[in-house]
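Student:
In my numbering, the protein residues as written are 39 to 342.
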């Protein structure tokens, strides 16, 4: 199969080279390390950024922050997953009594994208535990959901490392829904599937998943305060903004584009890579039912 595929690429004139000879072997090695750490870890350990953490460990870290920084950090549960796990959000504030603008971030809606929750945890760590970054909380509050799809995320540790969807079992054919196709704004119009076994299955209906319901309810309940919504993924080096359901641009696309370019420049100045910038459909691909489209189109969060 491997040789046939490479021959096909050669016939099509597609340049290619092998990065990993045996991906399954790499995944198994990663799993062995994770299992060994789970057996040998000491209780109540602080988080580091040289390994990936399972959901209970992430929740424990959030709880530790709330205990260590009670005047700054609050942890709330905004819903439950299909399998009954609590969906936790951390709220970081240096004051204002709940009146300040909010930056809302979520990560991990796609289960296999482990670096996304890790990036969210790093953001939390910098905001709370790094005094040099304290100015970032002077005028805004930060609300961060480090893992929006805990069931799927856990399954990538214990079952299929490449699992993407939720773990709901409403369909008799296959488990799970692509959470980022499940939001009720131009739902299932393009870039999504009605077949339950597809990785981009949009669900039997919009907001069929308790995880997407929880984010929807939180956005709507805090719409008067949320000024910026970010959702972390790990598909590639992109800073994307709406729309995902159409190639047409939002009326304020120039504002979104300018903000993205400022972020890109700041990232490059800090030694990071430069990302491609643009609307989801025009830079990546069309995909309706995404959380960013919903936040902007229904939630009224202009900067999404």
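Backbone N, C-alpha and C define an ideal beta-carbon position, used for all residues, glycine too.
All of these numbers come straight from a predicted model, not from anything done at the bench.
Alpha carbon to alpha carbon, what distance is there between residue 101 and residue 163?
Tutor: Rounded to whole angstroms, residue 163 to residue 101 spans 13 Å at the Cα level.
Student: Please identify the residue among 249, 160, 316, 177 whose C-alpha is closest to the C-alpha of residue 263.
Tutor: Residue 177 is the option with its Cα nearest to residue 263.
Student: What does DSSP give as the partner residues of residue 195 in its beta bridges?
Tutor: None, per the DSSP bridge assignment.
Student: Could you tell me the distance, in whole angstroms, from the CA atom of residue 212 to the CA atom of residue 249?
Tutor: Near 18 Å, if we compare the C-alpha coordinates of residue 249 and residue 212.
Student: Nearest-angstrom Cα distance between residue 227 and residue 323?
Tutor: Those two C-alpha atoms are separated by around 13 Å.
Student: Tell whether a beta-carbon distance below 8 Å holds between residue 185 and residue 130.
Tutor: Cβ atoms of residue 185 and residue 130: not closer than 8 Å.
Student: Let me know the beta strand (DSSP E) ranges lying completely inside the region 137–199, each 3 residues or longer, listed in chain order.
Tutor: Within the region 137–199, the complete beta strand (DSSP E) runs of at least 3 residues are 140–145, 179–183.
Student: Relative to the C-alpha of residue 136, which residue among 315, 235, 99, 111 is closest?
Tutor: The candidate whose alpha carbon is nearest that of residue 136 is 111.
Student: Quick one: grab the DSSP three-state call for residue 207.
Tutor: Correct three-state label for residue 207: coil.
Student: In this structure, how does DSSP classify residue 300 when only helix, strand and coil are distinguished?
Tutor: Residue 300: helix per DSSP, three-state reduction.
Student: What first and last residue would you give for the alpha helix (DSSP H) that runs through residue 115?
Tutor: Per DSSP, residue 115 belongs to no alpha helix (DSSP H); it is in the beta strand (DSSP E), 111–118.
Student: So, at 7 Å on beta carbons, what are the nonlocal neighbours of residue 193 in its own chain, with the 5 sequence-adjacent residues on each side left out?
Tutor: Within the same chain, residue 193 has close Cβ partners 149, 201, 205.
Student: What does the alpha-carbon distance come out to for the pair residue 210 and residue 233?
Tutor: Cα to Cα, the separation comes out at about 11 Å.
Student: Taking residue 329 and residue 260 to be in contact with their CB atoms under 8 Å, please state how far apart those CB atoms are, rounded to whole angstroms.
Tutor: The Cβ separation is near 14 Å, so there is no contact.
Student: So, using beta-carbon positions, are residue 321 and residue 276 closer together than 8 Å?
Tutor: Yes.
Student: Could you check whether residue 58 and residue 159 sit closer than 8 Å to each other, using their CB atoms as the reference points?
Tutor: Cβ distance not < 8 Å, so residue 159 and residue 58 don't count as in contact.
Student: Is it a yes or a no for the region 169–176 touching the region 94–108, going by three-plus beta-carbon pairs under 8 Å?
Tutor: Contact between the region 169–176 and the region 94–108 is absent, because fewer than three Cβ pairs lie under 8 Å.
Student: Less than 8 Å between the C-beta atoms of residue 139 and residue 191, yes or no?
Tutor: Cβ atoms of residue 139 and residue 191: not closer than 8 Å.
Student: Using the DSSP secondary-structure output, state which residues sit across from residue 126 in a beta bridge.
Tutor: Beta-bridge pairing links residue 126 to 115.
Student: Can you tell me the Cβ-Cβ gap for residue 317 and residue 291, rounded? I've got them flagged as a contact below 8 Å.
Tutor: Residue 317 to residue 291, Cβ: 7 Å. Contact.
Student: Between 103, 128, 120, which lies nearest to residue 114 when the distance is taken from Cα to Cα?
Tutor: Closest by alpha carbon: 128.
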